[in-house]
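Numbering (the working numbering), first residue to last: 44 to 294.
A virtual CB, placed ideally from N, CA and C, is assigned to each residue, including glycine.
A quick note: this is a predicted structure, and the numbers were derived from the prediction, not measured.
In what follows, a structure is listed as structure tokens, so that the remarks can point back to it.
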């Protein structure tokens, strides 16, 4: 299919050779976020009822409690344990893992058997086959990852050459779930010198053919967020941990 033909597709996303309307994609996105991301987040939060689930830094714990609440009582100590885990580590891990399933299950992208490649898709802008490593956001890799990612792409190109399949650097891309081009870390910029790095707006556009798809699914997820209020669960966990802290020696 030519680039011109790709750009003439009707409103919606082609999933497994069928047109799925934008409204249907929005509903599927909501269901996925509700059932897979939010539900996993809640389950992981509920597991934090045991003080042994935390790796406690004795040098910083009381300092952080006092810095955050002005107190070093047991409840304050519990809060500085729970908040970073629930609002940071837990949901970010769940998000990154589940969004790869979202791309495959909801959008029908093809997983890859090639080492280091997450998905393969036909770029809806230029019509070229893309071998893509997916990353969550613009700050999610470190210096060592740069070499690892480049080596995976080099290996893929060499494998293609061996098997008579033309794969060039322009076919090997990194796609980000969120974030803008001006937010890319220096590590992503280093990759972009040799292989394209698509920030979220461009990545979702190339993957689906819908220019504002990033905004569409962001809004859909925000609407689902209105359904969840985790304060009661978190307060119960905090009080439980505070009681355990009171019974522990060394706090």
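According to DSSP, is residue 45 helix, strand or coil?
Low confidence applies here, because residue 45 scores a pLDDT of 45, under 50, leaving its location unreliable; read the following figure in that light. DSSP places residue 45 in coil when its eight states are reduced to three.
Rounded to the nearest angstrom, how far is the Cβ of residue 214 from that of residue 178, given a contact under 8 Å?
Not a contact, Cβ separation roughly 18 Å.
Does residue 153 pass the burial test, meaning 16 or more other C-beta atoms within 10 Å, or should it be called exposed?
exposed
Counting pairs of beta carbons, one from the region 208 to 224 and one from the region 242 to 258, are three or more of them closer than 8 Å?
yes
Please tell me whether residue 123 and residue 138 are closer than 9 Å, where the distance is taken between their beta carbons.
The answer is no: Cβ separation not under 9 Å.
DSSP beta-bridge partners for residue 61?
58
Report the residue from 212, 250 and 88 whose alpha carbon sits nearest the alpha carbon of residue 149.
250
Is residue 102 buried or exposed, if buried means 16 or more other CB atoms sit within 10 Å of its CB?
exposed
Nearest neighbour of residue 223, chosen from 267, 54 and 182 [CA to CA]
182
Rounded C-alpha distance that separates residue 273 from residue 231
34 Å
What residue does the beta strand (DSSP E) around residue 99 start on, and which one ends it?
Counting along the chain, residue 99 falls outside any beta strand (DSSP E), and DSSP gives it neither H nor E.
In three-state terms, what does DSSP make of residue 217?
Residue 217: strand per DSSP, three-state reduction.
What do you reckon, are the CB atoms on residue 160 and residue 175 nearer than 9 Å?
yes
So who's on the other strand from residue 241, going by DSSP bridges?
218
C-beta atoms of residue 287 and residue 99 nearer than 9 Å
no
Using only CA atoms, which one of 155, 229, 189 and 171 lies nearest to residue 210?
171
Just how far apart, CA to CA, sit residue 49 and residue 118?
No answer about residue 49 holds up, because its pLDDT of 44 lies below 50 and its placement is not dependable.
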